[in-house]
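This report refers to the structure that appears directly beneath it.
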Amino acid sequence: MALFIAGFAIAWIYLPGGGLSVTGGSVGEAHQVLGTIVMGLAGLQVIIGFVRPAPDNEKLRPTWTLLHHNLGRLSILVAWATIYLGIVIAHGSPTYGYSYSVWIVAMAVVMGSLVATDIVLTVMRARSAARDKAAAAQRSADKEAAFGGDGAGGARLLTDASARGRGGAQRGGGGHAVKVLASGDSEEPR
């Protein structure tokens, strides 16, 4: 966070056109405004990251995730435009000796890798969520099958006293008898 603030302060105070004196005319003014917006969005992302709700908070977490992801994407798009305007300003300077293609290729590689990373992470997150959902459904089905439940009440567990009166299994030596009855089983002795 300290480097973030220091970098912004250096750009605002010490670079040509920083602060209130803008170089580059209307393009320079747009670059300065957009640069300030990008820095504000980046700072907001850091703050939002610190107030992240717990993953099991089903009320706030989806809204937070949507805000955080889309604010990050917006930051990247505005940064892209700001960088391009900076290239235009630099290209107009008499000391600038490279063609636009050098900057455009470099910017396309960096921004393209950011977009590709976002797509890959989104796909991986969706697959992980689908696997988690399928695993939870399988665990639920396995649990129901293990206890012979039919979905309308599941299995009933009878302990020591109730099992003795209903013909349940008994063990000697002070142990507890347990009888598992499926929903359709009778509790009466046979």
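Residue numbers (the working numbering): -10 to 179.
Built from N, CA and C at the ideal position, the CB exists for glycine as well.
Contact check, leucine 30 vs serine 64, beta carbons under 8 Å
yes
Would you mind working out which of Lys122, Trp53, Gly24 and Ile2 sits nearest isoleucine 36, comparing C-alpha positions?
Trp53
At which residues does the alpha helix (DSSP H) containing phenylalanine 39 begin and terminate?
14 to 39
Residue environment, alanine 68, which counts as buried when at least 16 other CB atoms sit within 10 Å:
buried
Leaving out the 5 sequence neighbours to the left and right, which residues in its chain are closer than 7 Å to leucine 23 when beta-carbon positions are compared?
Val67, Ala70, Thr71 and Leu74
Per-residue DSSP class, three states only, for proline 44
coil
Nearest-angstrom beta carbon gap, valine 77 and valine 16 [assumed within contact, 8 Å]:
6 Å
Could you have a look at tyrosine 209 and say whether DSSP puts it in helix, strand or coil?
Residue 209 is absent from the model: the chain starts at -10 and stops at 179.
Kindly indicate which residue of Ile2, Asp45 and Phe136 has the alpha-carbon position closest to the one of threonine 25.
Ile2
Methionine 100: first and last residue of the uninterrupted alpha helix (DSSP H) it sits in:
89 to 135
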